[in-house]
Amino acid sequence: MVGNTKEFICLSYDLIGNGYFQKLAFVVLIYLSCFSITQVGGSIHEYQNQSFFRRSNSFFFHGGSEGLYASKLHVDPNKKPSPEDNHLNGKSFIRFESIIFRRTKESAEKKNDMQQKTGLVEAIIVEVKDRENIGGSYLHSAAICCTPDLSKEGSCNVGEVIIHQDPNHPYSPQRIQTFFEGKNGETTMVQLTVEIDRTGMYYLYFMFCDPELMGTTISGRTVWRNPRDIIQLQYHITAVIGLGMCEMALWYFEYANFNATGSRPMGITLWAVTFTAVKKTVSRPLLLVVSMGYGVVRPTLGAVIFKVLLLGLTYFFFSEALGLVENLQNINDLTGKARLFLVLPVSLLDACFIIWIFSALSQTLEKLQIRRSMAKFALYRRFTNTLAISVLLSIAWVGYELYFNAADPLSELWQRAWIIPAFWNLLAFVLLVVICSLWAPSNNTTRYAYSETGDELEEEGFSLTSSGVLLTGESTVKLERKERKASNDDLFRLSEELEEDKRE
């Protein structure tokens, strides 16, 4: 026992001298950094007191263009929106935030203070396929804004952009109107969100037709987001899969070199052992937080996350120590006492994880049953059954392993000894496959995500609307859809020249 302890101390000095722990700290830091970076919520287009440009008889500002995929899930249109956009639940949208229009002092002074509407600015959202629906070419006019003559024909309203409504896509282009009031020098566009449920390249224009508004500027920003059908848990599962691939690749090169040279390369073996320990350390807390209902029953883990991290770091330390001593010692196995000294802490920590996991699963299932979240309850019940079967198989295999070692003290059955560790790898792989199948990305992935509202909605399917866009906002917004047809390619070309996608 003393000799093994000395060898372990010497091995530790060698590792420190080779800079191994510095490299390990670097790997852990990079891994944690990947999960601490704030995820990008969408493409943001900011406007800072920018001017409108004249085109034909209109004035326009190009607010941006993005390719957007259609939202696959739909929510209750009567549901009140929240500041955190929980109601969107990962949908595709364009959101207007703090959009302010400022006109010149001279323009404001010309208006009557008693008048409610003294200037109109329109936000036009159009899919590039429908660009010909803006303008008056179908009325044999080059105008973009409605003129008195065209208004007499009943085709449009004076002072508004001419928009033709396509019977096949009645909600594209989309018009959102904002009015100046009295002699006010500025007006704020209502904060609202336009949901996209038709895939395409979308352009946003801010336009006005009144020449007296010349010199008007715009400030604020718009947020463009594609649908997000992936829940946070699936990113962590992907990380475990990636760690497993790296681990297997390193062990392959380690064994290949061992077969070719008869000695184990220190560097590759160190990395292989480390990736094995990291994968085990990540997978066990992952099972634990899944069992606690993270991302499904509860949005965060609160203070308990520190206990999970502490248990995980402790497991990593002992697992790494066991792997290093087993793989960097002589080819002969360790003595029974030395192996027990290293294996016992790992086994006890595994037992702690198992007990905590099943305790958390019991509480999660109880919560889901009380909330009558049957879809989530069925998911967690299958997950619990899978874990229970794996634990029973593990206990049975531990018994077989003890019998195998007791019946073969002289290692006469060395040709079959590979079965012992192979079973654990196979069991871990099967468990990972089951978890991947239960939480596989799909069109309905987000129905398992945490929601602050009642779970009754998640059990019901929402029919897809036939409209091109769905508008949601905190107040009533005037949305006008007129039957007009036009051709306006010049407007798109000019906007691309003037505004090269103001993205950040």
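So the sequence shown is residues 1 to 504, counted in the UniProt record's numbering. All C-beta atoms, glycine included, are put in the ideal place defined by N, C-alpha and C.
In the DSSP assignment, residue 95 forms a beta bridge with 193 and 223. With a cutoff of 8 Å on beta-carbon distance, residue 57 and residue 209 are scored as near each other. Inter-residue distance for residue 190 and residue 43 is about 20 Å (C-alpha atoms, whole angstroms). Taking a 10 Å sphere around the C-beta of residue 174, we find 16 or more other C-beta atoms and assign the residue as buried. Nearest C-alpha to residue 360 among 116, 304 and 152: 304. In the DSSP assignment, residue 267 falls within the alpha helix (DSSP H) that extends over 266-291.
Residue state for residue 254 is assigned as helix, using DSSP reduced to three classes.
For residue 176, the secondary structure class from DSSP, reduced to helix, strand or coil, is strand. Residue 249 and residue 437 have their C-alpha atoms spaced approximately 24 Å apart. When only Cα atoms are considered, residue 160 and residue 196 end up about 24 Å apart. When secondary structure is reduced to three states using DSSP, residue 236 falls in the helix class.
Within the same chain, Cβ atoms closer than 8 Å to the Cβ of residue 246 are found at 275, the five residues on either side in sequence being excluded. Pairing residue 227 with residue 65 gives a Cβ-Cβ distance that is not under 8 Å.
The residue from 162, 147 and 103 with its alpha-carbon nearest to that of residue 131 is 162. Under the three-state reduction of DSSP output, residue 263 falls in the coil class, being neither helix nor strand. For residue 69, the three-state secondary structure derived from DSSP is coil. Taking one beta carbon from each stretch, the region 199-216 and the region 119-129 have 3 or more pairs nearer than 8 Å; the two touch. Separation of the CB atoms of residue 321 and residue 349 is rounded to 12 Å, and the pair is thereby denied contact status at 8 Å. Your pair residue 110 and residue 181 does not check out as a contact, with CB atoms roughly 14 Å apart and the cut at 8 Å. With contacts defined by Cβ atoms closer than 8 Å, residue 129 and residue 63 do not form a contacting pair. As the crow flies, the alpha-carbon of residue 136 is around 10 Å from that of residue 147. Residue 188 carries a strand assignment under DSSP once its states are collapsed to helix, strand and coil. Rounded to the nearest angstrom, the Cβ distance from residue 104 to residue 215 is 4 Å, consistent with a contact under 8 Å. Collapsing the DSSP output to three states places residue 52 in coil. Put simply, the backbone Cα of residue 166 is about 24 Å away from that of residue 55. Apart from sequence neighbours up to five positions away, no residue of its chain approaches residue 313 with a beta-carbon distance below 6 Å. Excluding residues up to 5 positions away in sequence, 191, 220, 221, 222 and 223 lie with their Cβ nearer than 8 Å to the Cβ of residue 97 in the same chain. Of the residues assessed, residue 203 falls on the buried side of the cut-off, its CB having 16 or more other CB atoms within 10 angstroms.
Between the region 284-296 and the region 360-369 there are three or more inter-stretch CB-CB distances shorter than 8 Å, so the stretches are counted as touching. If you draw a straight line from the Cα of residue 149 to the Cα of residue 234, it is about 59 Å long. Straight-line measurement puts the Cα of residue 134 at about 45 Å from the Cα of residue 238.
DSSP places residue 106 inside the alpha helix (DSSP H), whose first and last residues are 105-109. Here residue 411 carries a coil assignment [DSSP, helix/strand/coil]. Under DSSP, residue 203 shares a beta bridge with 65 and 126.
Residue pairing from DSSP places residue 217 in a beta bridge opposite 51 and 102. Counting along the chain, no alpha helix (DSSP H) covers residue 113, and no H or E run does either.
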